[in-house]
Amino acid sequence: MEFLSSICPPEILCQILVGLSRMTILFIVASGLTLILGVLRIPNIAHGSLYMIGAFVAFSVSKWFGGGTTGFWMAVVLAPFAVALLSLVVERGIFAHLYEREHLMLLLLTFSFALILGDLVKVVWGGEYRTVQLPGSFKGPIPVESLPIPIYNIFLVIIGPFVALGLWFFTNKTKIGKISRAAAVDREMVGAVGINVSWVFAIVFVIGCFLAGMGGALVSPIVNITLGMDHTLIMEAFLIVIMGGLGNVWGALLGALIFGLTQSLGILIWPQFGIVFPYAAAVTVLLFRPTGLLKSTW
Amino acid sequence: MATLNIRGKESWLVPILFILLLVFPLVLTRFYTYLLALIFVSGLAAMSLNLVLGYGGIYQFHHAVFYGVGAYGAALTITKLGYSPWIGFLVGPLLAAFISLVMGAICVRLSKLYFGMLQISLGSLVWAIVYRWYSFTGGDDGIHGVSMPDLIGSTTGSYYFTLLVTAACLIAMYLIVKSPFGSALQGIRDNPVRSEAVGVNVKLHQLVALVIAGFFAGVAGVLFIVVDNSAFPDMLFWTLSLEILIMCLLGGWLTFLGPMLGAAMMVALRTFASTFTEYWTLIQGIILMLVIIFLPEGVLGYVNAKFKQLGNLASGGKA
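Protein chains in written order, with the numbering used here: chain A, 203 to 500; chain B, 6 to 324.
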C-alpha cells in the first residue's frame with residue numbers, strides 16, 4: 203500500500219476501488235444479458251427488472267432471517283435462485299413459443315415484461331426505500347493511508363473474477379455450454395443432430411437471469427433498493443454488452459471495466475458530469491468499433 | 006395494395022373528422038381538450054417514428070431523443086436566450102433535425118439491431134448531458150412555466166394550434182410517403198440489396214428519412230411545450246422511446262394513421278386507468294404483450310386485413 207500511494211494519491215486509489223466494485227456488479231448483470239443475447243438472440247430488457255427483483259427478494263430474505271450475518275448470506279444465496287425460478291416460468295410459459303419472431307417484436311415483448319414486473323414489485327414491496335443489513339464482519343472500513351476503504355467493496359472485487367471463471371467453465375467445459383455455443387451459431391443444425399434445443403435455450407436463459415438476480419442481491423447492501431433502479435441499470439448493462447461485442451462474456455467484462463472506471467474516475471474529474479463519462483466512453487468505443495471490442499457471437 | 010380498397014371510403018372520413026375536431030373544444034371541458042391536444046402530440050411523435058420504422062424498416066430505438074431535443078430547443082431559446090416563442094418553435098425542430106443528421110450519419114453505416122444499439126447509446130449520451138447540465142437545462146427538474154404568446158396561451162388556443170400544426174405535418178408526411186422518395190424508402194425496407202443494385206443510394210435515402218423523422222419529432226416536442234409549457238429529461242429517456250414504439254405497434258406500424266390511433270388509445274387508456282388504479286404500467290405491459298402475441302400488425306393493420314378479406318369476398322362473389 204505504501205508503494206501504491208507513492209505513485210497514486212489515495213483518493214484516486216479509493217475511487218478506483220469503488221469503480222472496480224461497481225464493475226463487478228455491472229459485469230455480473232451484463233454477462234447474463236450477453237449470454238442470453240448471444241445464444242437466444244433476445245435483447246432482454248426485463249433483465250434490469252430481474253436485477254431489481256433480486257435486490258428486493260434479498261431484502262425480504264434477509265429480514266426473514268433476522269438480518270445480520272445469516273440474513274445476508276441467505277439473501278445472497280437464495281435471491282438468485284428465486285429470480286431463476288421466476289425466469290424459468292416466464293421462459294417456458296411465453297418465450298419458448300415466440301423464438302421465431304423478429305428481434306423488434308422480441309425486444310418489445312421483453313419490454314412488456316419489464317413493465318409488468320416493475321409494477322408487480324410495486325404491488326409486493328411498495329414504493330419505499332429498502333436496504334439490506336451488512337453482516338458485522340463486512341462493516342468496518344480498512345484504513346488505507348488515512349482513507350477508509352469499505353471491506354464489502356473489496357469483497358465484491360474478489361467475487362468478480364470467480365463469476366467470470368465460472369461462466370468460462372460453463373460455456374467451454376460443460377456439455378450444455380458447448381451445445382449452447384453451437385446453437386448460437388447454427389440452431390437448426392444442432393436440432394438436426396437430435397438435441398432438444400428448446401431446453402438448452404431454457405437453461406441458458408435461466409442461468410442468464412440467475413446472474414441478474416445475483417447482481418441485484420450483491421448490490422442490495424450498498425444501495426437504496428428502490429423502484430426504478432431497473433431503468434438506469436439495464437441501459438448501462440446494454441451499453442456494456444454492445445461495447446464488448448454481443449454475446450461475448452469476456453467482452454462484457456472489458457465493457458464493465460471501462461464503464462465502472464470511467465464512472466468512478468469521471469466523478470473525480472468533473473463531479474457534475476460524472477455520469478456522462480461512461481456514456482461518452484461507450485459512444486467513443488462504438489464509433490471506432492461498431493460491432494464491439496471483442497468478437498461477437500452473432 | 007390492401008388499403009387501396011378502403012382508401013376510397015376513407016377519403017370522405019378525413020374532412021368530417023377534422024371538422025369534428027375543430028368543434029370539440031366548444032363542447033368539451035378544458036381537461037378533455039388538453040387530453041386531445043396531448044394525443045395529437047404523442048401521435049405526431051409516433052408517426053414521425055413510423056416514417057423510419059414502418060416505411061423505412063430502420064430500427065430507430067431511441068426516437069424520443071428528437072422529441073426531447075425539439076422541446077428543449079424551443080424551451081431554452083425562449084427562457085434562456087429570451088427570444089420570441091415563435092423563433093423558439095422554429096429552433097426546436099431544426100435542432101432536432103440537426104441532431105438527427107449527426108446521429109444518423111454515424112449510425113447509418115450499420116443495419117438492423119446494430120443500428121438500433123448504436124443509436125440508443127448516442128441517445129443515452131444526449132439524455133445524460135441534459136439530465137446533468139443543471140445550469141443550462143435545469144437538470145432533472147427540467148424547465149417549467151415557459152411563457153406562450155397570448156394567441157395560443159389558453160387551453161383552447163393551444164388546442165387549435167396543435168391541431169393545425171399536426172394536420173399540416175400529417176399532410177406533409179403523407180406527401181413524403183407517396184413521393185418517389187417514399188417509394189424508394191419502402192423499396193429499401195423490403196429489399197435493400199436489390200434497391201442498391203438498381204442504383205438507389207440506400208444509405209443516403211435512409212439518412213434523409215432519419216433527418217425528416219427527427220424534424221417532425223422535434224415539431225411534436227415543440228407542441229408539447231405549447232400544450233404543457235414544460236420540458237423535462239424523461240422526454241429523452243429510453244422508456245419513452247419504447248412507449249412511442251408501442252404506440253406504432255398498437256395502432257399498426259404498416260399503416261399510415263396507425264401510430265396516431267395507437268397514441269390515442271394509449272393516452273386515453275392511461276388517463277382512464279389512472280383514475281382507478283396506480284398500476285397503469287402493469288396494464289400497459291399486459292396490453293403490449295397481448296398485442297405482440299395476438300395482433301402483431303396492430304389494430305389498424307388487423308382492420309385493414311379484415312376489410313381486404315371482405316373486399317375479396319365481395320369481388321369473388323361478383324365474379
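We put the beta carbon where it would ideally sit given N, CA and C, even for glycine. This structure is a prediction, so every number in the text was calculated from the model and none was measured.
At the level of alpha carbons, what is the spacing between residue 212 of chain B and residue 115 of chain B?
About 12 Å.
Give a yes or no on whether 9 Å exceeds the smallest Cβ distance from residue 267 of chain A to chain B.
Chain B contact via Cβ: absent.
Hey, out of B:291, B:261 and B:107, whose CA is closest to residue 271 of chain B's CA?
It is B:291 whose Cα lies nearest to the Cα of residue 271 of chain B.
On the three-state DSSP scale, how would you describe residue 214 of chain B?
It is helical.
Could you pull the start and end residues of the alpha helix (DSSP H) that residue 264 of chain B belongs to?
Residues 263-278.
Does residue 185 of chain B pass the burial test, meaning 16 or more other C-beta atoms within 10 Å, or should it be called exposed?
Result: exposed.
With a threshold of 9 Å between beta-carbons, can residue 482 of chain A be considered close to chain B, or not?
Chain B contact via Cβ: present.
On a Cα-Cα basis, can you pick out the residue from B:198, B:226, B:113 and B:216 that is closest to residue 44 of chain B?
Ranking B:198, B:226, B:113 and B:216 by Cα distance to residue 44 of chain B puts B:226 first.
Just the chain B side, please: which residues come within less than 7 Å of residue 437 of chain A by C-beta, in chain order?
Residues of chain B passing the Cβ test: 129 and 243.
I'd like to know whether the C-beta of residue 17 of chain B is nearer than 9 Å to at least one C-beta of chain A.
No, its Cβ sits nowhere closer than 9 Å to a Cβ of chain A.
Give the straight-line distance between the Cα atoms of residue 396 of chain A and residue 381 of chain A, rounded to the nearest whole angstrom.
Straight-line Cα distance between these residues: approximately 11 Å.
Nearest by alpha-carbon distance to residue 434 of chain A: which of A:371, A:293, A:365 and A:250 is it?
Ranking A:371, A:293, A:365 and A:250 by Cα distance to residue 434 of chain A puts A:250 first.
Relative to the C-alpha of residue 246 of chain B, which residue among B:52, B:26, B:34 and B:39 is closest?
Comparing Cα-Cα distances from residue 246 of chain B to each of B:52, B:26, B:34 and B:39, the minimum goes to B:52.
Is there a Cβ of chain B sitting closer than 9 Å to that of residue 224 of chain A, yes or no?
Chain B, which has no Cβ nearer than 9 Å to the Cβ of residue 224 of chain A, makes this no.
With contact counted as at least three CB pairs below 8 Å, one residue from each stretch, are the region 439-459 of chain A and the region 113-130 of chain B in contact?
Counting Cβ pairs under 8 Å, three or more are found: they touch.
Could you give the residue range of the alpha helix (DSSP H) that holds residue 357 of chain A?
Residues 353-375.
DSSP on residue 389 of chain A, reduced to helix/strand/coil?
The answer is helix: DSSP assigns residue 389 of chain A an H, G or I state.
At 4 residues or longer, and completely inside the region 138-166 of chain B: list those alpha helix (DSSP H) runs for me, N to C.
With a minimum length of 4 residues, the continuous alpha helix (DSSP H) runs that stay inside the region 138-166 of chain B are 139-142.
Tell me, please, whether the region 273-283 of chain B touches the region 56-68 of chain B by the rule of three or more beta-carbon pairs shorter than 8 Å.
The region 273-283 of chain B, when compared against the region 56-68 of chain B, does not touch it at the 8 Å Cβ threshold.
Using a Cβ-Cβ cut-off of 9 Å, state whether residue 469 of chain A counts as contacting chain B.
Closer than 9 Å: no.
Determine the chain B residues that contact residue 292 of chain A at a beta-carbon separation under 8 Å, and present them in chain order.
Residues of chain B passing the Cβ test: none, with the nearest at roughly 11 Å.
For residue 493 of chain A versus residue 482 of chain A, is the C-beta spacing smaller than 9 Å?
Taking 9 Å as the Cβ cut-off, residue 493 of chain A and residue 482 of chain A do not qualify as a contacting pair.
Does any residue of chain A bring its CB to less than 9 Å from the CB of residue 191 of chain B?
No, residue 191 of chain B does not count as interfacial toward chain A.
Out of A:305, A:450, A:356 and A:461, which one is the CA nearest neighbour of residue 486 of chain A?
Checking every option, the nearest Cα to that of residue 486 of chain A belongs to A:461.
With a threshold of 9 Å between beta-carbons, can residue 240 of chain A be considered close to chain B, or not?
So, not an interface residue.
Between the region 156-190 of chain B and chain A, which residues of the former have a C-beta closer than 7 Å to a C-beta of the latter?
Taking 7 Å as the Cβ-Cβ cut-off against chain A, none of the residues of the region 156-190 of chain B qualify.
If you draw a straight line from the C-alpha of residue 237 of chain B to the C-alpha of residue 150 of chain B, how long is it?
Approximately 12 Å between the Cα atoms of the pair.
Are three or more beta carbon pairs between the region 239-257 of chain A and the region 402-417 of chain A nearer than 8 Å?
Judged by Cβ distances under 8 Å, the region 239-257 of chain A makes contact with the region 402-417 of chain A, as three or more pairs qualify.
So, at 8 Å on beta carbons, what are the nonlocal neighbours of residue 311 of chain B in its own chain, with the 5 sequence-adjacent residues on each side left out?
Correct list: empty, nothing qualifies.
Taking only beta-carbon atoms, is residue 66 of chain B less than 9 Å away from chain A?
Residue 66 of chain B counts as touching chain A.
Taking 9 Å as the CB-CB cut-off, is residue 301 of chain B touching chain A?
Yes, its Cβ sits closer than 9 Å to a Cβ of chain A.
Can you tell me which of B:159, B:191 and B:118 puts its alpha carbon nearest to the alpha carbon of residue 304 of chain A?
The shortest Cα separation from residue 304 of chain A among B:159, B:191 and B:118 belongs to B:118.
Starting from the C-beta of residue 312 of chain A, find all residues in its chain whose C-beta is less than 6 Å away, skip the five residues before and the five after it, and write them out in chain order.
Same-chain partners within the cutoff: 246, 247 and 248.
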